[in-house]
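Everything on this sheet refers to the single structure shown next.
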Amino acid sequence: MPMDTPPRRAAALSDDDRLLVDHCAALSFPSGSRSPTSATAAASSFQVHHASRPYPCAAFVFTPTWSAAGWMPDAGGRAPFGDAEVDPAVFPSLRSVGSGVPARASAAFMAAFTGLLDGSPLQSEVSRAVAEEKRIVFTGHSSGGSIATLAAIWFLENCTRRGSVNQAQPFCVTFGAPLVGDNIFNHAVRREGWSQCILHFIMPLDIIPRIPLTPLASSREQIQSVLDWLSPHSPNFSPAGNSLVIPEFYETLLRSTLSIASYEACSFMGCTSSILGTLTSFIELSPYRPCGTYLFLTSPEQLIVLTNSDAVLQLLFYFLQLDPQQQLLDAAARSLSAHWQYESIKQCVTQEIACVDYLGAISSSLPGRPMNGTAIGGLELSKEAMLSLAAAGQWEKQREINQAKIDANCSKIQEALKSLNEYKRTCELHEVSYYDSFKLQREVHDFNSNVRRLELAGLWDEIIEMLRRRELPDAFEGREEWVNLGTSYRRLVEPLDIANYYRHSKNEDTGSYLCKGRPRRYKYTQKWREQLLRIPLGSSLESCFWAMSEELQAEMVNGKSFQDLKDRVGKLESDALGWFTSGSLGKDVFLSSSSFVIWWKTLPEQHRSASCIARLIPP
Numbered sequence: 001m002p003m004d005t006p007p008r009r010a011a012a013l014s015d016d017d018r019l020l021v022d023h024c025a026a027l028s029f030p031s032g033s034r035s036p037t038s039a040t041a042a043a044s045s046f047q048v049h050h051a052s053r054p055y056p057c058a059a060f061v062f063t064p065t066w067s068a069a070g071w072m073p074d075a076g077g078r079a080p081f082g083d084a085e086v087d088p089a090v091f092p093s094l095r096s097v098g099s100g101v102p103a104r105a106s107a108a109f110m111a112a113f114t115g116l117l118d119g120s121p122l123q124s125e126v127s128r129a130v131a132e133e134k135r136i137v138f139t140g141h142s143s144g145g146s147i148a149t150l151a152a153i154w155f156l157e158n159c160t161r162r163g164s165v166n167q168a169q170p171f172c173v174t175f176g177a178p179l180v181g182d183n184i185f186n187h188a189v190r191r192e193g194w195s196q197c198i199l200h201f202i203m204p205l206d207i208i209p210r211i212p213l214t215p216l217a218s219s220r221e222q223i224q225s226v227l228d229w230l231s232p233h234s235p236n237f238s239p240a241g242n243s244l245v246i247p248e249f250y251e252t253l254l255r256s257t258l259s260i261a262s263y264e265a266c267s268f269m270g271c272t273s274s275i276l277g278t279l280t281s282f283i284e285l286s287p288y289r290p291c292g293t294y295l296f297l298t299s300p301e302q303l304i305v306l307t308n309s310d311a312v313l314q315l316l317f318y319f320l321q322l323d324p325q326q327q328l329l330d331a332a333a334r335s336l337s338a339h340w341q342y343e344s345i346k347q348c349v350t351q352e353i354a355c356v357d358y359l360g361a362i363s364s365s366l367p368g369r370p371m372n373g374t375a376i377g378g379l380e381l382s383k384e385a386m387l388s389l390a391a392a393g394q395w396e397k398q399r400e401i402n403q404a405k406i407d408a409n410c411s412k413i414q415e416a417l418k419s420l421n422e423y424k425r426t427c428e429l430h431e432v433s434y435y436d437s438f439k440l441q442r443e444v445h446d447f448n449s450n451v452r453r454l455e456l457a458g459l460w461d462e463i464i465e466m467l468r469r470r471e472l473p474d475a476f477e478g479r480e481e482w483v484n485l486g487t488s489y490r491r492l493v494e495p496l497d498i499a500n501y502y503r504h505s506k507n508e509d510t511g512s513y514l515c516k517g518r519p520r521r522y523k524y525t526q527k528w529r530e531q532l533l534r535i536p537l538g539s540s541l542e543s544c545f546w547a548m549s550e551e552l553q554a555e556m557v558n559g560k561s562f563q564d565l566k567d568r569v570g571k572l573e574s575d576a577l578g579w580f581t582s583g584s585l586g587k588d589v590f591l592s593s594s595s596f597v598i599w600w601k602t603l604p605e606q607h608r609s610a611s612c613i614a615r616l617i618p619p
């Protein structure tokens, strides 16, 4: 049954965007042929083109590879899907900030890109274009689009790390690009706000974007057959010649895509069945997931625009659902042919093509309406497809609702922090550090502050657990207001957790606070700040000053000599001076009654006289 609700318009491509997309399509298919020049190379290469419309820009065009070795160069010892951890030196932001788990991406595509970085003038050409104040554009067809995606992210990493606030974000346009990274890859790109820079144009039936969803290691020969047929210098598709290999691979791809789409749909629908765990124990699922903004050309007049990765994954399966009357061989042939139909985009984008938000339309049409299916641009979707898409949209909306609830707690957190700041000031008026006062727990205000500490712990632990369960939007950890609030919380309250830890001598049973006792709420908020400021991991440990001091004191009590600990003492002093100078460590640390000062004065005179913090210590 067709939808009664008219499709919603998504954010339309601007006139400048349309010109750039048209330019990218012309460069990716330069002469009306099936492929760019040099597309037969086994490894990716690039060309750079300069243009003045719609504004000065430099377009870097990456050519595809038609060799299976370019998809999985080393079958031995690699993961079955050809994925590997990203290189943190090249892509430092492609990781989960809180857990520190790095993203995984296609090892072959990463090798091709880093090969261009190291062995071609790519970096110098990009730098020259930036110096000339040109907007940087990355584009490519097929696997060239995957390399273009990595290039765009590399540029965003470098542009952000250099703090080039005046440099326009790059524009990345791909045509039929294979999936390149996993869930963490997608999460990191969305967290950094880069998704809108990366546009993937996809023909609904194109086989190439879906190939990474199959086990590459066991399908190497079949993939080569597919690439041989698609290669611009191979003979046209022959049903007789490929009747065994290509349809067989197409069927494998359908099964793999079904397994992944079903598993992910169960996950965001909230299915708690143990069958999910059982499934992944005997069926290895591809780690690759969509990343960026997807535009499905479902008709010459209509683009389906999706930024929801879960919904894109569902469509990658449901667009391939076979018509009961259609032969597998015919379906495989149509899927192959679709990979060379992107030139039509050049005509579409220069017209007023409709950019449609069907995810919103489907979500709003479902409640109370039994439906058998809906047509999107002439492609019929089943009821199951509609339900999966609606669930993907609802999951995204629920994460936004969860974020709104968390935002509503912001005032509670700020009020509790205000109370603890007053506690800290009161202690300083009595010439006592609030750390030492809290550790002794002799006054009523010490008890009240402990209540505030516990209240805040509950609020922040809830946030961290929601992040771990992916119940908040990917961009949450990059929101500056929450990074700043988390930093204020960590610097003010973590010393109280440390005081409580050592007050109860937990270090004697459990181990040091830093190694065994530090809660995730402090680890996460520290890493948020380090990621936002692009500073080295572990460089924002100022809130753990007291834990470092406590450990040094405990080790000396347990028999270690100053000589054994001299380097660590010097490091703590140096760090303390830097933190104090920057304002991230309070002056109460250096009060005459401070337990740190009292301990420091027991150190050898020769060391104290030469110490970098000697001038901060009261006589």
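Residue numbers (the UniProt record's numbering): 1 to 619.
Heads up, the beta-carbon is just placed ideally off N, CA and C, and yes, glycines get one too.
| query | result |
| --- | --- |
| Environment of arginine 95 [buried if 16+ CB atoms lie within 10 Å] | buried |
| Presumed contact (8 Å Cβ cut-off) between leucine 320 and proline 247, rounded CB distance | Actually they do not touch by this definition, with Cβ atoms about 13 Å apart. |
| Three-state secondary structure (DSSP) of tyrosine 294 | strand |
| Three-state secondary structure (DSSP) of histidine 339 | helix |
| Beta strand (DSSP E) segment containing histidine 141, residue limits | 135–141 |
| Where the alpha helix (DSSP H) through alanine 385 begins and ends | 383–408 |
| Pair within 8 Å by beta-carbon distance, alanine 112 and aspartate 83 | no |
| CA nearest to the CA of alanine 26, picked from Ser561, Ser14, His49, Gln123 | His49 |
| Nonlocal neighbours in the same chain, by C-beta distance under 6 Å from leucine 496, ignoring five residues either side | Phe438, Arg453 |
| Residues near arginine 162 in its chain [Cβ-Cβ closer than 6 Å; skip 5 each side] | A caution first: arginine 162 carries a pLDDT of 48, below 50, which makes its placement in the model unreliable, though a value can still be read off. The answer is none, since no qualifying residue turns up. |
| Among Asp87, Ala168, Ile202, the one whose alpha carbon lies nearest that of isoleucine 136 | Ala168 |
| Limits of the alpha helix (DSSP H) - the one that arginine 128 falls within | 122–131 |
| Beta carbon of histidine 339 nearer than 8 Å to that of isoleucine 207 | yes |
| Residue closest to leucine 316, alpha-carbon to alpha-carbon, out of Gln326, Leu205, Ala69, Gly570 | Leu205 |
| Whole alpha helix (DSSP H) elements within the stretch 538–595, 4-residue minimum | 545–557, 562–582 |
| Three-state secondary structure (DSSP) of valine 245 | helix |
| Serine 238 classed as buried or exposed, judged by whether at least 16 other C-beta atoms fall within 10 angstroms | In this prediction, serine 238 has a pLDDT of 46, which is less than 50 and means its spatial position is unreliable; nothing more can be read from the coordinates. |
| When Leu258, Gly486, Tyr263, Glu221 are compared against valine 245, the one with the closest alpha-carbon | Glu221 |
| Residue range of the unbroken alpha helix (DSSP H) whose run includes threonine 174 | Not the alpha helix (DSSP H): threonine 174 falls in the beta strand (DSSP E), residues 171–175. |
| Residue nearest to aspartate 330 in terms of C-alpha spacing, selected from Ile498, Glu301, Leu585, Tyr250 | Tyr250 |
| Close-in-space but distant-in-sequence residues of the same chain around asparagine 183 (CB under 6 Å, 5 per side omitted) | Arg289 |
| Beta-bridge partners of aspartate 310, as assigned by DSSP | In the DSSP output, where bridge partners are listed per residue, aspartate 310 has none listed. |
| Where glycine 181 falls: helix, strand or coil (DSSP) | strand |
| contact_flag[the stretch 256–267, the stretch 301–318] where n(CB pairs < 8 Å) is 3 or more | yes |
| Sub-8 Å separation of aspartate 407 and arginine 191 beta-carbons | no |
| Presumed contact (8 Å Cβ cut-off) between phenylalanine 590 and leucine 616, rounded CB distance | 5 Å |
| Three-pair Cβ contact test at 8 Å for the stretch 457–465 versus the stretch 423–441 | no |
| Segment contact flag, the stretch 557–565 with the stretch 580–589, C-beta cutoff 8 Å, min 3 pairs | no |
| For cysteine 57, the residue or residues it bridges with in DSSP | Ala51, Arg135 |
| Cut-off 7 Å between Cβ atoms - residues of its own chain near tyrosine 522, not counting five sequence neighbours on either side | Arg490, Glu494, Ser543 |
| Methionine 466 versus Gly98, Glu380, Pro287, residue with shortest Cα-Cα distance | Gly98 |
| Cα-Cα separation, proline 300 to glutamine 531 | 43 Å |
| Identified DSSP bridge partners for residue 628 | Lying outside 1 to 619, the shown extent of the chain, residue 628 is not represented and no answer is given. |
| According to DSSP, residues forming a beta bridge with glutamine 302 | Ser299, Ala354 |
| Nearest candidate by alpha-carbon position, reference valine 451, set Ser411, Ala416, Gly176, Arg608 | Ala416 |
| Chain D within 8 Å of serine 99, Cβ atoms only | You won't find chain D in this structure, because it holds only one protein chain. |
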